[in-house]
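Q:
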Amino acid sequence: MIPARPEFVPDPTLSREEMETLQRDIAHAARFEDEFAFDPAAVSTAETTLVPQEERPLVAGVDQAFLDEKAVSAVVVARGPEIVERASAVTDLSIPYIPGLLSFREGGPILDAFENLETDPDFVVFDGSGRIHFRQAGLATHMGVVLDVPSVGVAKGLLCGTPRESVDERPEGWRTAIEANDRVDAPDGTVIGYAFQSRQYASSRKINPLYVSPGHRVSAATTVDLVERLCDSYKLPEPTRLADAYADEVKRDYTA
DNA sequence: GCGACAG
DNA sequence: ATCTTGTCGC
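Numbered according to my numbering, the first sequence spans residues 64 to 319.
Now the structure itself:
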């Protein structure tokens, strides 16, 4: 899979100001509404569903592992519980992690892995924010727009925005909107994502919610719906877990 | 100046 | 993100 919008491919050599300008352009090109052909209700990791196997969407998970100044990027595509294809890439990192500019550090390496992928997924789950971003162009949005593929972002922490309600000690399945605040390039109160309690009381310690947000061609409401459908018995959705495990596997083989 | 801050 | 074994608890 190659970039559909080469002009938005992350260039780590840009100045910080140029990166931020590009992010505003990307946010403008992004579509935070449902624009995809598959049925969200057909998304699940279950072995058996009412939906014919071939009609179940191809879902991709993306994650990375790191070693020294290199990134190990992994993409795993699955149809229901069946893994269809896995692709990876080991790429030199050029800039450090800077909150708000994550996609300029990890975007190139991720696109390298997608170049090695033959399958065209129906949508992609990224580890990080999408619209929940200062300029509404987090990793999931940046990658979604560059590849022009429906995408969502799943983060373990909140970058910006304000939860409508307190997220403390909520039961499984609970959710609340994340609204834009003065740190976000959007009218105050704009719903840019959701806090979603995917798992709770796995043991004795409290578990924090997931922060999900639209990447590209998916609305905020549908984003939570899709992520919920992809969560099994763990906090993180299955596509992310598969990609995480594959990235670790590639890293191990690379190190050995 | 102080605080916040995805991976 | 990464450095890292055992261990407490359901």
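Note that the Cβ used here is the ideal one computed from N, Cα and C, for glycine as well.
Since we're looking at a predicted model, the values are computed, not measured.
1) For R142, which option in Y160, P120 and A134 has the closest C-alpha, if you only look at C-alpha atoms?
2) Could you tell me the distance, in whole angstroms, from the CA atom of A93 to the CA atom of Q199?
3) Can you give the Cα-Cα distance for T239 and C223, rounded to whole angstroms?
4) For K314, does the three-state DSSP call read helix, strand or coil?
5) Are L202 and A258 touching if we call contact CB-CB under 9 Å?
6) Apart from the five residues just before and just after G207, which ones in its own chain have a Cβ nearer than 6 Å to its Cβ?
7) Our contact map puts V187 next to V125 with C-beta atoms below 8 Å; I'd like the distance itself, whole angstroms only.
8) Please state whether DSSP places I255 in a helix, a strand or coil.
9) The alpha helix (DSSP H) with D88 in it runs from where to where?
10) To test your reading of the DSSP string, which unbroken alpha helix (DSSP H) runs of 4 or more residues are found completely within the stretch 156-199?
11) Please go through the same chain and pick out, in chain order, the residues whose beta-carbon is closer than 8 Å to the beta-carbon of I146, but skip the five residues on each side of it.
12) Decide if I161 is buried, meaning its Cβ has at least 16 other Cβ atoms within 10 Å, or exposed.
13) Tell me the DSSP secondary structure of R304 in three-state form.
14) For D183 and M64, which I take to be in contact (beta-carbon distance under 8 Å), what is that distance rounded to the nearest angstrom?
A: The short version:
1) Counting from 1 along the first sequence, the entry for residue 142 is found at position 79. Residue P120 is the option with its Cα nearest to R142.
2) Looking up residue 93 in the first sequence gives position 30. Looking up residue 199 in the first sequence gives position 136. Cα to Cα, A93 sits roughly 9 Å from Q199.
3) In the first sequence, counting from the first residue as 1, residue 239 sits at position 176. In the first sequence, counting from the first residue as 1, residue 223 sits at position 160. Each residue's CA atom was taken as its position, placing T239 and C223 some 15 Å apart.
4) Here residue 314 refers to the residue found at position 251 when the first sequence is read from its first residue. Helix.
5) Taking the first residue of the first sequence as position 1, residue 202 is located at position 139. Taking the first residue of the first sequence as position 1, residue 258 is located at position 195. No, they are not a contact pair.
6) Working through the first sequence from its first residue, we reach residue 207 at position 144. For G207, where only same-chain residues beyond five positions count, the Cβ hits under 6 Å are S214, G278 and H279.
7) For this step, residue 187 is matched to residue 124 along the first sequence. For this step, residue 125 is matched to residue 62 along the first sequence. Rounded, the Cβ-Cβ distance is 6 Å, consistent with contact.
8) Reading the first sequence from its first residue, position 192 is the one you call residue 255. Of the three classes helix, strand and coil, the one that applies to I255 here is strand, per DSSP.
9) Looking up residue 88 in the first sequence gives position 25. Note, D88: alpha helix (DSSP H), R79 to A92.
10) Listed in chain order, the complete alpha helix (DSSP H) runs (minimum 4 residues) inside the stretch 156-199 are 165-178.
11) Translated into positions along the first sequence, residue 146 becomes position 83. Excluding residues within five positions, the ones whose Cβ falls inside 8 Å are V139, V140 and L305.
12) By one-based count along the first sequence, residue 161 stands at place 98. So I161 ends up on the exposed side.
13) Counting from one through the first sequence, the residue named residue 304 turns up at place 241. Judged by DSSP in its simplified three-state form, R304 adopts helix.
14) The residue labelled residue 183 in the question sits at position 120 within the first sequence. The residue labelled residue 64 in the question sits at position 1 within the first sequence. Indeed they touch by this definition, with Cβ atoms about 6 Å apart.
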